[in-house]
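Each step along the sequence shown adds one to the number in this note's numbering, with nothing skipped, and position 37 is 677.
Where is the CB? At the ideal position from N, CA and C, for every residue including glycine.
Computed from a predicted model, the values in this text were never measured in an experiment.
This report concerns only the one structure given below.
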Amino acid sequence: MSSRPSPHSRRSVFGGRFVYGALVLAFLAAACTGAGDQVGGAETENGASVLGTTTVPDPEPEPEPEPAEETTTTETPPELNGSLVVTGSNTVEPITAAVIEGYRERQPDVLITMAGTGTGAGFDDLCNDPSISIVGASRPINGSESASCLSSGVQPIELRLARDGIAIVVHNASALQCLTYTDLYALAGPESTGLTTLEAVGTLAAELGSTTAWGTGDVALVAPGPTSGTAGLFADEVIEPIALSRGVGKFFRVDNRSLDSNAQLVDAVATDPAAVGIVGSSFASRSSTAVRMLGVSDGAGCVIPNDAAVVAGLYPLSRDLYLYVDGASEDPIVADFVYYYLNVALRDAVAAAEYVVLSAAEQAESVARWTNR
């Protein structure tokens, strides 16, 4: 999987003679014809099927878009003194950490504390803790959370930061290659509690209509904690539709191994050939070489969560990452930090965290949301 800095423009260098230029153009044209999707199917030695997977090629680099008009570092910041606490999503935490590093130079007398508590816990902080006005989120705020905030006088402003995917990761020794939503429900849903072998999970999946051959061996689910936005979005997208149709609750199997951070999840899979983990795709792609990401299909074919697939919306478990801020806050530190976050630091921070950078127009939407609050 490729790294995530914004694409840079490339210029062809031609000599002074027409023939040399033509040769260069011919070479470039020949090189471009090799790009394309890789689709195939096979069966592994232990019987697990390898469904056809699509690896979406990374797009050709385009000229760097002009930054949004609001993006500027020429303003003179106010001199502030005080503290700020930011909580919420572990997935968003690396972006915010990069922003904080630069903000300390802008406001050396402001102490910022950051805690990755999970998206759900972050929304609870925003709605109920007067000392917290900024939280990261890996899913949108839901209706009950929004109502809780509004009843407390908090006006949650949603600011989109970046794009990512939810990856299914396995140990390199695993024979699994691609799973459908039905397979994922059979692995992670409430009816899979107590199923500890690939054969047992495969039987449930087949009962639900899957044709995937799971092979043999042990299997164990490693999942984010219940307050995680990653877990919440996975439950909404994958577990809930099938669970409702079968009259069972929308929750993960109760015997899954629940871990609080992306790093812990990847480490757990890297050390256990039977483990299947659920983690952010950007984090998974830059982590242990002992794990790999599976293709996922929602019925339209299996897709590996690389940057191109996430940007194009072809990977079914793609998602946006957010910052939520209390629009009613009158704290000048909150206002200055969010201004710096969106207008000065965002693109570099997202690239440093190796997530997919928003377009200039998308970034401008977040700037406008905050400016016009």
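Alpha-carbon to alpha-carbon, Gly756 and Asp960: The residue given as residue 960 occupies position 320 in the sequence shown. The residue given as residue 756 occupies position 116 in the sequence shown. Asp960 and Gly756: Cα-Cα distance of roughly 17 Å.
Of the listed residues Val906, Ala985 and Ala992, nearest to Gln1003 (C-alpha basis): The sequence position of residue 1003 within the sequence shown is 363, counting from 1. That would be Ala985, whose Cα lies nearest to the Cα of Gln1003.
For Arg1009, the three-state DSSP class (helix, strand or coil): Translated into the one-based positions of the sequence shown, residue 1009 becomes position 369. It is helical.
Gly842 - containing alpha helix (DSSP H), residue span: Position 202 of the sequence shown, counting from 1, holds the residue named residue 842. Following the DSSP letters along the chain, one finds Gly842 inside the alpha helix (DSSP H) bounded by residues Leu838 to Glu847.
Contact belief for Leu766 with Tyr979 at Cβ below 8 Å, rounded distance in angstroms: Numbered from its first residue, the sequence shown carries residue 766 at position 126. Numbered from its first residue, the sequence shown carries residue 979 at position 339. Leu766 to Tyr979, Cβ: 19 Å. No contact.
Collapsed DSSP secondary structure at Arg987 in the structure displayed: Residue mapping note: residue 987 aligns to position 347 of the sequence shown, counting from 1. In the displayed model, Arg987 falls within a helix according to three-state DSSP.
Closest by C-alpha distance to Ser898, when choosing among Gly758, Ile740, Pro956 and Glu839: Here residue 898 refers to the residue found at position 258 of the sequence shown. Of the listed residues, the one whose Cα sits closest to Ser898 is Gly758.
Neighbour-count burial assignment, Thr716, 16 or more Cβ in a 10 Å radius: Within the sequence shown, the letter at position 76 stands for residue 716. Thr716 should be labelled exposed.
Closest Cα partner of Phe892 within the set Pro866, Arg886 and Ala761: Here residue 892 is taken as the residue at index 252 of the sequence shown, counted from 1. The shortest Cα separation from Phe892 among Pro866, Arg886 and Ala761 belongs to Pro866.
Assigned secondary structure, Leu799 (DSSP; H/G/I helix, E/B strand, else coil): What you label residue 799 is simply residue 159 of the sequence shown in a count that begins at 1. Strand at Leu799.
Sheet register partners of Ser723 (DSSP bridge): Locating residue 723 in the sequence shown gives position 83, where the first residue counts as 1. For Ser723, which the question treats as bridged, DSSP gives the partners Leu751.
Coil, strand or helix - Val894 by DSSP: Taking the first residue of the sequence shown as 1, we reach residue 894 at position 254. Val894 falls in the coil class under three-state DSSP.
Residue nearest to Asn896 in terms of C-alpha spacing, selected from Ala761, Val794 and Ala826: Here residue 896 refers to the residue found at position 256 when the sequence shown is read from its first residue. Taking only the C-alpha atoms, the option nearest Asn896 is Ala826.
Which listed residue (Ala992, Tyr821 and Phe977) has its alpha carbon closest to that of Val1007: Position 367 of the sequence shown holds residue 1007. For the set Ala992, Tyr821 and Phe977, the Cα lying nearest the Cα of Val1007 is the one of Phe977.
Whole-Å CB distance - Val906 paired with Val931, under 8 Å assumed: On the sequence shown, position 266 is the one that residue 906 refers to. On the sequence shown, position 291 is the one that residue 931 refers to. 6 Å between Cβ atoms; contact.
Counted within 10 angstroms of its Cβ, other Cβ atoms place Arg803 as buried (16 or more) or exposed: In the sequence shown, the residue the question calls residue 803 occupies position 163. Counting the other CB atoms within 10 Å of its CB gives Arg803 a total of 16 or more, which places it among the buried residues.
Coarse secondary structure for Asp765, derived from DSSP in three states: For the purposes of this step, residue 765 is identified with residue 125 of the sequence shown, where counting begins at 1. In this structure, Asp765 counts as helix in the three-state DSSP scheme.
Beta-carbon gap between Gly917 and Arg779 smaller than 9 Å: Position 277 of the sequence shown, counting from 1, holds the residue named residue 917. Position 139 of the sequence shown, counting from 1, holds the residue named residue 779. In this structure, the beta-carbon distance from Gly917 to Arg779 does not fall below 9 Å.
Beta-carbon spacing of Gly760, Gly869 below 9 Å: Along the sequence shown, read from residue 1 onward, the residue named residue 760 stands at position 120. Along the sequence shown, read from residue 1 onward, the residue named residue 869 stands at position 229. Contact flag set, yes.
Three-state secondary structure assigned by DSSP to Ile806: Within the sequence shown, the letter at position 166 stands for residue 806. Correct three-state label for Ile806: strand.
Beta-bridge pairing of Ala738 - partner residues as DSSP gives them: Translated into positions along the sequence shown, residue 738 becomes position 98. Its beta-bridge partners do not exist; DSSP assigns none.
CB-CB length for Ser921 against Met933, believed under 8 Å: As a working note, residue 921 is residue 281 in the sequence shown. As a working note, residue 933 is residue 293 in the sequence shown. Going by Cβ atoms, the distance from Ser921 to Met933 rounds to 6 Å, so yes, they are a contact pair.
Limits of the alpha helix (DSSP H) - the one that Ala828 falls within: Here residue 828 is taken as the residue at index 188 of the sequence shown, counted from 1. Tyr821 to Ala828 is the span of the alpha helix (DSSP H), which, as asked, contains Ala828.
Cβ-based burial, Ser784 [other Cβ within 10 Å; buried from 16]: Here residue 784 corresponds to residue number 144 of the sequence shown, with the count starting at 1. Exposed is the call here.
Close beta carbons around Tyr955, own chain, < 6 Å, minus the five adjacent residues each side: Along the sequence shown, one-based indexing puts residue 955 at 315. Around Tyr955: Gly805, Val943, Pro945 and Ala949.
Euclidean distance between Cα positions of Ser729 and Ala777: On the sequence shown, position 89 is the one that residue 729 refers to. On the sequence shown, position 137 is the one that residue 777 refers to. Looking at the two C-alpha atoms, the distance is approximately 5 Å.
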